[in-house]
Every structure is written in C-alpha cells, then in structure tokens.
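Okay, structure first, notes after.
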Amino acid sequence: MIQQPFEQLIASLAAKTPTPGGGAAAALTGCMGTALFLMVVRFSRGKKANVAREGDLARVEALLDGHLQRLLPMAERDCRSFDLVSAAYGMPKDTDQQKTLRDKAIQEAMHGAMVVPEETLCMVRDVFVAMEGVVDCVGKAIVSDLASGASLLLAAAEGAFLNVKINAAYLTNRELADKTTARAEQVRSEIRRHQTAIATKVDAVLA
Numbered sequence: 101m102i103q104q105p106f107e108q109l110i111a112s113l114a115a116k117t118p119t120p121g122g123g124a125a126a127a128l129t130g131c132m133g134t135a136l137f138l139m140v141v142r143f144s145r146g147k148k149a150n151v152a153r154e155g156d157l158a159r160v161e162a163l164l165d166g167h168l169q170r171l172l173p174m175a176e177r178d179c180r181s182f183d184l185v186s187a188a189y190g191m192p193k194d195t196d197q198q199k200t201l202r203d204k205a206i207q208e209a210m211h212g213a214m215v216v217p218e219e220t221l222c223m224v225r226d227v228f229v230a231m232e233g234v235v236d237c238v239g240k241a242i243v244s245d246l247a248s249g250a251s252l253l254l255a256a257a258e259g260a261f262l263n264v265k266i267n268a269a270y271l272t273n274r275e276l277a278d279k280t281t282a283r284a285e286q287v288r289s290e291i292r293r294h295q296t297a298i299a300t301k302v303d304a305v306l307a
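Structure below.
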C-alpha cells in the first residue's frame, strides 16, 4: 500500500471496499505524525542552543526512525487482518458443521483485526514517549510542525482505538474483549495527555 502513488492511495480509501478503511488510515496518519517529529528533531540538531542536548537529540532521532519503520507496514497489516474477517464471513453455512467452522473462523479473524490496531495505538504512544524528553529543544520557527505532528498522531490513536473497540464488540469472548478495550483506553488516555502537553506548550510559544 505505501508504494502506491498518493492519488491511488486516496482513491482506494474512498472506494466502496472493506479495505483499506479506518484502521489503515490511522496507521498511515501515524506515519505522517512520526515523520514530522523526525523532521523537527533533525532541524533541532546542530543548533547552538542545543549543544548540550545533542546526544539526547541523536538518541531520539534514532528512536523515532525505528518507530517509523515499524509503523510503515501497519496499514497493510490492518488490511490483511480485516480481509480475513471478510473471508470468514464468506464461508459456507449450509450445514451445522460449516456453521461451526465459519463461526470459529470469524472469531479468530476478529481477534486478529482487534490486535493490529491495538499495536498501532501502542506504537503511537511510544512515539510520544520518545519525543517527550526533547520537546524543549524545539525552536519557535518549527513548533507548528511539532504541534501538527502531535495532532496527526492523536488522530491516528483515536482511529486505531475505534477499530479496537468495534472489532472487540464482535468477540464472543467478552473477557478478552473487555480487557483489550480497557488496555487500549489507557493507552489512548496517555496519548491524549502527551498531545495536550505539546499543544499547550506550542500555544504558549506562539502567543
């Protein structure tokens, strides 16, 4: 998916097809937010005001680059996981045995479709954690890019969380579904705090 021309990617998101959908869009948005954080860190390196923080910035740059590489395939993974859901629903159900096999396949596929966006959500949280220690190194000229990246990452998190929640709703194993949803809610809350802290800082700088 990430190798497609941008116009083709947008057309595929707009198409009347199950995938790519919100989960894939969330992962792609997470990539863009992470990329903006990387840009901000790279512009912050080598500045006189950050001489004492050069080691920290270099470490964060490496961390963010690693997070970006892990996020890049998540949109494709999200599509593949939900394609399995669609395939499971398409299985025959003429006999009791077929119905049993179909129900089992649906549940297994739904579990996978729930796990992938949860991974995306956790990756977005990790991006914010990596960036947290060097936010004060970002100069006034690029704080808008910092805040834009944070906003994109929050949007990615919200989209990923919604995909966790909707797929969890179809699981018959309610204990697993509830535990996963609660865990995802905690991560989303943490992400919201990070984004709010960055937005508040940037608002103060630009006031």
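Quick note: to get the working numbering, add 100 to the position in the sequence shown (first position is 1). All C-beta atoms in this analysis are idealised placements derived from N, C-alpha and C, irrespective of residue type, glycine included. Since this is a predicted model, take the numbers as computed values, not measurements.
Check                                                                                                                                                                   : Outcome
Report the residue ranges of all alpha helix (DSSP H) runs contained in full by the stretch 134-189; include only those spanning at least 4 residues, in chain order.   : 154-171, 174-189
When the Cα of L254 is compared with those of G190, P192, I298, which residue comes out closest?                                                                        : I298
Out of Q169, A125, A124, state which residue places its alpha-carbon closest to the alpha-carbon of T134.                                                               : Q169
In this structure, how does DSSP classify V239 when only helix, strand and coil are distinguished?                                                                      : According to the sequence provided, residue 239 is Gly. The question's Val does not apply to it. Residue state, collapsed to three classes: coil.
Going along the chain, which residues of its own chain have a beta-carbon closer than 6 Å to the beta-carbon of E290, five neighbours each way excluded?                : R225
Excluding the five sequence neighbours on either side, which residues of its own chain have a C-beta within less than 6 Å of the C-beta of G249, listed in chain order? : G133, L136, F137
Three-state secondary structure (DSSP) at G130?                                                                                                                         : helix
Considering Cα atoms alone, identify which of C222, A269, T117 is closest to A126.                                                                                      : C222
When the distance is taken between beta carbons, is E219 closer than 7 Å to A284?                                                                                       : no
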